[in-house]
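Numbers -18 to -1, 1 to 1004, taken from mature numbering (1 follows the signal peptide of the UniProt record, and there is no 0), label the letters of the sequence shown in order.
For glycine and all other residues, C-beta sits at the position ideal for the given N, C-alpha and C.
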Amino acid sequence: MRFASVLPLALSSVALMAAPPTPAVTPHKVITVHEGTNMAVTVSPDHRTILMDLQGMIYAIPFAGGAAKRVTGPLVEASHPEYSPDGKWVAIQSYAGGTFHIWVMRPDGTGLKQMTTGHGDDREPRFSPDGKTIAFSSDRANKGSYDIWTVDVASGAVKQITSSENDEYEPAWSPDGSSLAYVNGVFVAGAPGVGGVVGRTVESVDLATGATKTVASIGRQVGRIESPSWSPDGKHLAYIQFMGAGMFVDAARLVVDGKPVAGGGVKDDDAFPFPPVWLSDASILYTANGAILKVDLGAGTKTAIPFTAGIESIRPVYKGKDFGFNATATRQALGLFSPALSPDGKKAAFVALNQLYLLTVGNPVPKALTHDTYYKQGPAWSPDGKTLAYVSDKDGVENIYLMDVATGTDKRAAASMDAQIFPAWSPDGRWMAFQKQDGATMLLELSSGAISPLAPATFFPGRPAFSPDGKTVAIATVKPYSKRFREGTSSILTVDLATKKTTWYDPAPFESITTRTEDGPVYSPKGEIAFIMDDLLYAMPVDAMGKPDGAAVALNGETSDAPTYNGDGSKILYVSNGKLRLLDRKTKAITPVPVTLTYKPLQPKPTDKVLIHAGKFWKGEGAETLTDVDVLVVGNRVASVKPHGGPVPAGAMVIEAPHSTLLPGLWENHAHPNSDNSIYYGDRMGRLWMVYGITTLRDMADQAYRAVEEKESFVSGAAVGPRLFATGEAIDGERTYYPMMIPTTSEAQLHREFERLHALDFDFMKLYVRLPYTWIVEGVKYAHGTMGVQTAGHYLLPAVDLGNDGMSHVSATARTGYAYSRSLTGASYSDVRQLMAESGMWTTSTLLNQGVIAQMPEMADDTRYNLAPPWEKKRLIAARDAAMKSDQTANEDRVMKEEATLRGVLERKGMYIGGTDSPLDLPSTSLHLNILSQVKFGLAPWQALETVTSTAARAAKVDKDLGLIAPGYLADMILVEGDPLVNIKDVTKVQCVMKNGAIHSVGELMAPFVKSDVGVGMCPAK
């Protein structure tokens, strides 16, 4: 990873603790906390000082307790502190520089020195008894697992200790230094991102002989072991044991010699996953339930060591983006999605404004080849240039269609109720490869329509490509570094069509193809493949079988996406920041390909009037509801809210809803409408949001060109969907996981990403899991100062002290393997609630728990969800059936803990907003289940509804235009049967939806796919 320009290998603590550069901010605020979530501790050999990792910073506390002093700042990204035996040094695990490495420092934070380097993640340092060596776990061998290593403190020399295929981690020295114990992790299969490594035993390796033995095991219990630690006499082994399985566990306890340590009157069912510190053979210090606990094993007592710690907070002040809610001026389309160069190099096909277009190079005005509201994707030319394959859902599900370019007629290639996306022709035109909704790559014989498996499912792979001889198919897909953590590189997987053998190839060492969507690889008949890496266009030589066979070479110096060759490989078409480019492979000349394709935002006429008579009315804030109200909408905004009975304005459309409640349209505050499962929904997706009353989406990361194309389609009226605050891919570090995360490996690439987001006029910047804090600071500066948009990610500290506006979850995947905002049992302690509330940030609640459907099982039978693709409707039914047939106590406990955090933040006047992380969780229904859960566990219905209306708008800094039904506000509102302020379930009973002044019945929105009469007699289309 090329991070030298960000942080050198050794840094002064002054530099790392300095206040990060930010836009104008309010004065720094110090928030004082007295609890910690997922704290780790170490004790000085003289037992006078405790060093504590609190929220990713190291603090020093007197052993008896008291005020803590910060010794490392946010940018050190320090964790897992470990005192040396002589007390002069402290080892830490630091992410400064973008990869986990082992560092040492003085106990006061000075003298920082990096001990390990490279692309491997080095974690969990433990000093040897003589202080000369540090043991750690690492995947630096690059063989697919974590092993135990040591580093010599004096020389920096590293040595590999273990090398099995299992993941071996969390080392612990024996008191005499002759052996190392460690957790032996075995892989347990599960859903992508959920399955992983589980520590079932603790093994010990003799450093002299290499012999290993098992020293602890949990047997058949459901759970895992973490963080072993030997007593000073070497006779006792302490560790943390987690009970339960899955994303969250049921309980976590300190265990000594296989037996849980009794509570001693102190609650400790939520021990944190760090090594217990032995103070003597009968006394241990560890962390649990938000506290530092001292346990006397002989007396069976536990005592909390009190502390207070100050955490700095800033709240950025910057000029926000003008979202152009009233705009009518003509705009150039930027969403040129999936361009494909014809074999003769004279034409290009692409999707824009929800239509398939054909451009003649040299004539900037493209011709629309389709004229409907259904979804389109993935044009691909036949080898003879006569036929365009593309994807549409006009017959119900996304399938491949073959269009005769000369006549414009088309036909389905092979009708199926499975999705077919990313079509790719074989060189002889007889076959087509594509992917289905489970990530499997399939092979279609065009003459017969027969479909057969080509490659097994991988996690959201990119478009397949045939080698020139048609014998190999290449796919971009994720290649994890280990089974312990999900991240890896987006690499090239080749499939031999004859044998089905698969082989991995890296585009370059420790590099990735930029996205697993349209960024290649694609083959040239001249013995090379092209792809995007570091956001630039690269070519790599291949052998006769199409296997990579040499180093990749950069072909340009500008941000690039979606490369395609012409028929003879002499030209490459690609898109750069919304503009097409044509590269001549021989001369290397790059020629702009002008495209004149414009649209206007669809706005009601200023004279259009809609008068809605509602039996009940909720403004969008507070507990008050009104009865018998007339709301007048003129153009796209609310003109008045008055008691019913006044004169009807001339020419107004009147909606009579005397038995319904009118309230603001709902916000889905965490969605990915153009990535992951969403790419298989097609035109159904926008409609599915709206029939459940969702009129605004906040996009948290998506494939850039797909996202901007959809936003422009919604704005122009070319497709049906909510108001969309869109963004492109999240910016990630060197390692990545999702297809819509950009693996970033240089500061130059980082700024290319910033510039692309700006050029495509996006509304938000997501700063993701593996991006180091130093680069998060850079992202915050650019987003706020240049784009005027918000930033967020998975981490709490950047939202408190580095300028991020919020968090996209209470907690989610973290590069540490645990979060500082929620324990592994699902609890967030008062430090989290204080920081979230008192800092002024916003936090999104995403339950990601399908078990909550047990609260409203009838939701799975709702005909509205027939709008979803059939396999997604089946997913909803399966979730309901599973919830009704199994004990939901553990699920409810986890939801209750999240809702308790929500209440704690709201009680402190903080901003909590509702979301789902759809489509990882099911779109639309999951938001309603989130709202239901909020009410079940303590909020009033109006408070829960605020999290998806007025508070959501306030969090997004658009509360002068959205979130309320009040004069001057944009006319986004819904009519529902019943009264959700009395019975929250009634908010699901949507009848009519108004977005931007245009009203639709649920029946009208469903009509292209499902017959329904809901709202049809009440709300005619405007």
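Residue Ile947 holds the alpha-carbon nearest to the alpha-carbon of Val616 among Glu820, Ile947, Ala406. A distance of 8 Å or more separates the beta carbons of Gln916 and Glu874. Note that the stretch 370 to 385 touches the stretch 400 to 412; at least 3 beta-carbon pairs, one per stretch, sit closer than 8 Å. Residue ranges of uninterrupted beta strand (DSSP E) with 3 or more members, entirely inside the stretch 609 to 679 and ordered along the chain, are 619 to 625, 635 to 646, 648 to 653. For Gly597, the enclosing beta strand (DSSP E) begins and ends at 591 to 599. In the displayed model, Met414 falls within a strand according to three-state DSSP. The distance from the Cβ of Ala708 to that of Phe744 is about 6 Å, consistent with a contact at the 8 Å cut-off. According to DSSP, Phe707 shares a beta bridge with Arg680. Your pair Pro157 and Pro214 checks out as a contact, with CB atoms roughly 6 Å apart and the cut at 8 Å. Closest by C-alpha distance to Ala526, out of Leu518, Ala536, Ile511, is Ile511. By the Cβ rule, the stretch 325 to 341 counts as touching the stretch 543 to 561, because three or more pairs are nearer than 8 Å. Scanning its chain for C-beta atoms nearer than 8 Å, with the 5 sequence neighbours on each side dropped, one finds around Phe416 the residues Ile382, Gln402, Ile403, Phe404, Pro405, Ala406, Thr423, Met424, Leu426, Pro446, in chain order. For Lys856, the enclosing alpha helix (DSSP H) stretches over residues 852 to 867.
Comparing C-alpha distances from Met976 to each of Thr499, Val702, Gly770 shows the shortest one belongs to Val702. At the C-beta level, Gly444 and Thr454 stay beyond 8 Å of one another.
Counting the other CB atoms within 10 Å of its CB gives Ala953 a total of 16 or more, which places it among the buried residues.
Here Ala42 is not near Pro111, since their CB atoms are 8 Å or more apart. Cβ-Cβ separation between Ala809 and Asp252: approximately 5 Å, consistent with a contact (criterion under 8 Å). For Pro646, the closest C-alpha among the options Thr795, Glu928, Leu279, Gly470 is that of Glu928.
In this structure, Tyr463 sits away from Ser506, with a CB-CB distance that is not shorter than 8 Å.
With contacts defined by Cβ atoms closer than 8 Å, Ser657 and Gln685 form a contacting pair. Taken through DSSP and simplified to helix, strand or coil, His766 comes out as helix. Under DSSP, Ala432 takes part in no beta bridge, so it has no partner. Bridge partners of Phe305 according to DSSP: none are assigned. Per the Cβ contact rule, the stretch 425 to 440 is in contact with the stretch 466 to 477 (3 or more Cβ pairs under 8 Å). Taking the Cα of Glu650 as reference, the smallest distance to any Cα among Thr931, Gly597, Arg666, Ala456 is reached at Thr931.
Positions of the beta strand (DSSP E) runs, each at least 3 residues long and wholly inside the stretch 500 to 577, are given as 504 to 506, 510 to 515, 518 to 523, 543 to 547, 553 to 558, 561 to 566, 572 to 575 in order along the chain. By the neighbour-count criterion, in which 16 or more other beta carbons inside 10 Å mark a residue as buried, Asp863 falls on the exposed side.
Around the CB of Asn166, 16 or more other CB atoms lie within 10 Å, so the residue is classed as buried. Rounded to whole angstroms, the separation of the alpha carbons of Gly100 and Thr81 is 8 Å.
Around the beta carbon of Glu606, fewer than 16 other beta carbons lie within 10 angstroms, which makes this residue exposed.
Glu603 and Leu909 have their alpha carbons spaced roughly 19 Å apart. Residue state for Ala686 is assigned as helix, using DSSP reduced to three classes. Take Thr312, set aside five residues on each side of it, and the residues of its chain with a beta-carbon closer than 7 Å to its own are Thr580, Lys582, in chain order.
For Pro153, the enclosing beta strand (DSSP E) has its first and last residue at 149 to 155. Beta-carbon to beta-carbon, Val15 and Gln731 are separated by about 37 Å, too far to satisfy the 8 Å threshold.
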